[in-house]
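Chains A and B supply the protein sequences, listed in that same order. Letter 97 of the first sequence, counting from 1, is numbered 98 in the numbering used here, and no numbers are missing. Letter 196 of the second sequence, counting from 1, is numbered 202 in the numbering used here, and no numbers are missing. From the three backbone atoms N, C-alpha and C, an ideal C-beta is built for every residue, glycine too. Owing to the predicted nature of the structure, the values given are computational and were not obtained by experimental measurement. For reference, the structure discussed in these notes is given below.
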Amino acid sequence: MSEGNMNLTLKVWRQKNQKQKGELVTYPVSNVSPDMSFLEMFDVLNEDLVEKGQEPIAFDHDCREGICGMCSMFINGRPHGPKEGITTCQLHMRSFKDGDTVVVEPWRATAFPVIKDLVVDRSAFDRIIAAGGFISVNTGNAQDANALPIAKEDADKSFEAAACIGCGACVATCKNASAMLFVSAKVSQLALLPQGQPERYSRVQNMVEQMDKEGFGNCTNTGACEVECPKGISLENIARMNRDYLVAKAAH
Amino acid sequence: MSSSSSFFTSSLGRKFVMGITGIFLITFLIVHVGVNAMVFLDSSGELFNTAAHFMGTNWLIRSMEFVLFAGIILHIVQSVVLTRANKAARPEGYAVSGSNVNSKWYSRSMGLLGTLILMFLIIHLCHFWVEARFGIWGGIPEGTVAGTHDMFAQMKIIFSNPIIVAVYVLAMISLSYHLMHGFQSAFQSLGLNHYKYTPAIKAIGIWYSIIVPVLFALMPLYVHFVINK
Ligand code: SF4
Ligand code: FES
C-alpha cells in the first residue's frame with residue numbers, strides 16, 4: 002500500500018428494485034488514495050465487483066464537478082458527506098481516515114422512491130418545475146440586457162437562488178423530507194426579477210400545490226437544509242415563498 | 007389565474023396557522039406571567055388576588071378565554087396533521103443520522119416538547135381554571151370579599167406538594183426549549199424574514215424563552231419554599 006493510502010469499511014445500501022426490500026452490505030476497500038474523489042472510490046469498488054462477477058453498485062452521477070446535482074449519496078448520516086458546500090462528486094477521500102467505516106445510503110423520502118441501490122427517482126422535482134418554474138415569453142430577438150433595469154441586490158439574490166442544482170439534499174436531510182428549500186429557490190429566482198412578475202402569484206400557488214401533491218413533508222424550520230445544501234441556498238427564500246403564497250391566496 | 011386549492015389545507019397554510027397561533031399564545035404568556043409577578047411584588051397575595059379577580063371577571067378577558075382555547079386547539083390540531091404528513095413523507099429512516107451537526111435537538115423535538123407542555127397544561131388547568139369555574143374538587147377557597155376566589159390560598163395549597171412543584175418546573179424547561187425554536191420559527195412561517203429585523207427577532211426570542219419560563223418556574227418555588235414556610 003503506497004504511503005497515505007487507507008483501508009476503509011464501506012456499508013452500502015443495496016436494493017434490487019423499487020419493490021424489493023434493501024439492506025446495508027459491507028465491502029472492505031483497501032489501498033484508497035486520499036486524492037481520489039468519493040465517486041472514483043466507488044468506480045474502483047465497482048470494477049472489483051464486476052471482476053468478481055458481482056453486480057456493481059448503482060449510483061447517480063453525471064458532471065462530476067458539482068453542477069448537475071445527480072450524485073445523491075447520504076454518507077455517514079449527511080447528504081453529500083461530512084463537508085459543507087460541496088456535492089458528493091467534490092468530496093475527496095482525504096476527508097476520511099484509515100480504518101473508517103463509511104455508511105452510504107440513498108436519499109430517503111416517499112417522494113423520492115429508490116429505483117436501485119443508491120439511485121432514487123427525483124422526477125417529483127421536474128413536475129414541480131413544470132407546474133410553474135418558468136416564464137412565458139414571446140419568441141423574437143432577445144432584447145438588450147440593459148433595457149430592463151434591475152437592482153443589484155435583487156439580481157444577486159436571484160442569482161443565489163438560481164444556484165440550486167436540484168440535487169435533493171435538502172429533502173434528504175430534512176427530518177420531515179420537506180422540499181421547501183428547493184421549491185422556494187425556484188420560486189424566488191423568478192420572483193426577484195421583472196421577467197418573473199406576470200406569473201409571480203400563479204407560479205407560487207401552482208408549484209406549492211404540486212409540491213404538496215408529491216407527498217413531501219412540511220417545513221418545521223430546523224434549518225438543516227440550509228446547512229447541508231451544497232449551493233448555500235438560504236432560508237430567506239422559504240420566507241419569501243411563504244409571503245408570496247399568502248399574498249397569492251389572499252389577493253390573486 | 008388562481009389555483010383552486012384551499013389555503014388552509016395546503017402545507018404553507020397550515021404552517022401559517024401554526025405560526026400565527028404560536029405568536030398569539032406567546033402574547034398570552036406575557037399577560038399570564040405579568041399576573042403571576044404580582045406574587046413577587048406583594049407576598050400577602052392581595053395584589054395577586056385583585057389581578058386574578060379582574061382576569062376572572064372582566065368581560066373582555068373572559069371572551070378572550072374562548073379565543074385562547076381556540077388558539078390552543080388549532081395549534082395542536084395543525085401540529086398533529088403536519089406531524090402525520092411528515093412521518094408519511096419518510097416512512098423508512100436512515101441507518102445513520104447526522105442531524106446533530108446541522109440542527110438543534112429542540113428544533114427537531116417540537117412535537118415531543120409540545121406534548122409535555124400539553125400534559126402540563128391539563129394538570130395546570132385542573133389545579134386552577136377548572137376549580138375556579140366548576141369547583142369539581144371542592145373549589146377555590148373563598149376570598150375576603152364574599153363570592154370572590156382566594157386564588158392565592160389555592161396556590162399555597164397546590165404548591166405545598168413538592169412533586170407538583172417539580173412537575174411545574176420541569177414543564178417550564180420544556181416550554182423554554184419549545185419557545186427557543188418556536189418564537190423565531192413562527193415569524194419565518196409567516197414569511198417575516200428580513201435582514202434588518204430577523205437578528206432582532208431571534209435575539210428577543212432567546213431572551214423571551216429564558217425569562218418567561220424562569221419567571222413562571224420561580225412562582226411555585228417561591229410559594230413552596232418562601233411563602234409556605
Ligand atoms: S436547495 Fe440546495 S440542497 Fe435543495 S435541491 Fe437545491 S441545491 Fe440541492
Ligand atoms: S455528479 Fe454532477 S454534481 Fe455531482
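**Message:** Helix, strand or coil for A/F113? Go by DSSP, reduced to three states.
**Reply:** Walking along the first sequence from the start, residue 113 of chain A turns up at place 112. It is a strand residue.
**Prompt:** Checking contacts by CB at 8 Å: is A/F97 closer than that to chain B?
**Reply:** Along the first sequence, one-based indexing puts residue 97 of chain A at 96. Not an interface residue.
**Prompt:** Using a beta-carbon distance cut-off of less than 7 Å, what residues from the stretch 84-97 of chain B approach chain A?
**Reply:** L88, A91, N92, A94, A95, R96, P97
**Request:** Please confirm if B/M7 has its CB atom under 8 Å from at least one CB of chain A.
**Result:** For this step, residue 7 of chain B is matched to residue 1 along the second sequence. Low confidence applies to B/M7: its pLDDT is 43, below 50, so where it sits in the model is not reliable, and the reading given next is rough at best. Answer yes: the Cβ-Cβ gap between B/M7 and chain A drops below 8 Å somewhere.
**Prompt:** Ordered along the chain, which non-local residues of its own chain (more than five positions away) have a Cβ less than 8 Å from that of B/M7?
**Reply:** Within the second sequence, the letter at position 1 stands for residue 7 of chain B. Note on B/M7: pLDDT 43, under 50, position unreliable in the model; the coordinate value appears next. Hits under 8 Å: none found.
**Asked** Under three-state DSSP, which class holds A/H81?
**Response** Looking up residue 81 of chain A in the first sequence gives position 80. Note: A/H81 maps to coil in three-state DSSP.
**Asked** On the three-pair Cβ rule with 8 Å, is the stretch 182-198 of chain A touching the stretch 157-173 of chain A?
**Response** yes
**Item:** Backbone secondary structure at B/M7 - three-state DSSP
**Value:** Here residue 7 of chain B corresponds to residue number 1 of the second sequence, with the count starting at 1. Because B/M7 carries a pLDDT of 43, less than 50, the predicted location of this residue cannot be relied on, and the following value inherits that uncertainty. Here B/M7 sits in coil by DSSP.
**Request:** Would you mind reading off the limits of the beta strand (DSSP E) that contains A/P29?
**Result:** Counted from its first residue, the first sequence places residue 29 of chain A at position 28. 24-33 is the extent of the beta strand (DSSP E) around A/P29.
**Message:** A/D118 and A/Q16 - do their beta-carbons sit closer together than 8 Å?
**Reply:** In the first sequence, counting from the first residue as 1, residue 16 of chain A sits at position 15. In the first sequence, counting from the first residue as 1, residue 118 of chain A sits at position 117. In contact: A/Q16 and A/D118 (Cβ atoms closer than 8 Å).
**Request:** Compare the beta carbon distance of B/A95 and A/A148 with 8 Å and say whether it is the shorter of the two.
**Result:** Taking the first residue of the second sequence as 1, we reach residue 95 of chain B at position 89. Taking the first residue of the first sequence as 1, we reach residue 148 of chain A at position 147. No.
**Message:** Please confirm whether A/R241 has its beta-carbon closer than 8 Å to some beta-carbon of chain B.
**Reply:** Sequence index remark: in the first sequence, residue 241 of chain A carries index 240 (1-based). Cβ-Cβ to chain B under 8 Å: yes for A/R241.
**Asked** So with Cβ pairs under 8 Å, would you call B/F30 a contact of chain A?
**Response** Along the second sequence, one-based indexing puts residue 30 of chain B at 24. Closer than 8 Å: no.
**Asked** For the alpha helix (DSSP H) that contains B/I37, what are its first and last residues?
**Response** Working through the second sequence from its first residue, we reach residue 37 of chain B at position 31. It should be noted that the sequence gives Val, not Ile, for residue 37 of chain B. Unbroken alpha helix (DSSP H) run through B/V37: 17-47.
**Asked** DSSP on A/R15, reduced to helix/strand/coil?
**Response** The residue given as residue 15 of chain A occupies position 14 in the first sequence. Strand, per DSSP.
**Helix, strand or coil at A/E227 [DSSP, three-state]** = Looking up residue 227 of chain A in the first sequence gives position 226. The answer is helix: DSSP assigns A/E227 an H, G or I state.
**Message:** Using CA atoms only, rank isn't needed, just tell me which of A/P57, A/P83, A/H253 is closest to A/F39.
**Reply:** In the first sequence, residue 39 of chain A corresponds to position 38, counting from 1. Here the closest residue by C-alpha is A/P83.
**Request:** Return yes when the C-beta of A/K84 is under 7 Å from any heavy atom of ligand 1, and no when it is not.
**Result:** As a first step, residue 84 of chain A must be located in the first sequence, where it is residue number 83. Not under cutoff, so the answer is no.
**Message:** Please report the distance separating the alpha-carbon of B/F126 from that of B/T63.
**Reply:** The sequence position of residue 126 of chain B within the second sequence is 120, counting from 1. The sequence position of residue 63 of chain B within the second sequence is 57, counting from 1. Each residue's alpha carbon lies about 25 Å from the other.
**Prompt:** Is any heavy atom in ligand 4 found nearer than 7 Å to the beta carbon of A/D63?
**Reply:** This structure does not include ligand 4; its bound ligands are ligand 1 and ligand 2.
**Asked** Looking only at DSSP bridge pairs, what is A/F75 linked to?
**Response** For the purposes of this step, residue 75 of chain A is taken as residue 74 along the first sequence, with counting starting at 1. According to DSSP, A/F75 bridges with A/P80, A/E106.
**Prompt:** So is the beta-carbon of A/T88 under 7 Å away from any non-hydrogen atom of ligand 2?
**Reply:** One-based indexing of the first sequence puts residue 88 of chain A at position 87. Result yes, Cβ under 7 Å from ligand 2.
**Item:** Contact set for A/C168: own chain, Cβ-Cβ below 7 Å, skip 5 residues either direction
**Value:** Residue mapping note: residue 168 of chain A aligns to position 167 of the first sequence, counting from 1. These residues qualify, in order along the chain: G70, S73, T88, P231.
**Asked** Taking C-beta to C-beta, are A/V33 and A/N6 nearer than 8 Å?
**Response** What you label residue 33 of chain A is simply residue 32 of the first sequence in a count that begins at 1. What you label residue 6 of chain A is simply residue 5 of the first sequence in a count that begins at 1. For A/V33 and A/N6, yes; Cβs fall inside 8 Å.
**Message:** Taking beta-carbon pairs under 7 Å, can you tell me which members of the stretch 47-72 of chain A lie near chain B?
**Reply:** none
**Prompt:** For the candidate residues B/P226, B/A152, B/V218, B/G188, whose alpha-carbon lies nearest to that of B/M24?
**Reply:** Numbered from 1 along the second sequence, position 18 holds the residue referred to as residue 24 of chain B. For the residues B/P226, B/A152, B/V218, B/G188, the minimum Cα distance to B/M24 belongs to B/G188.
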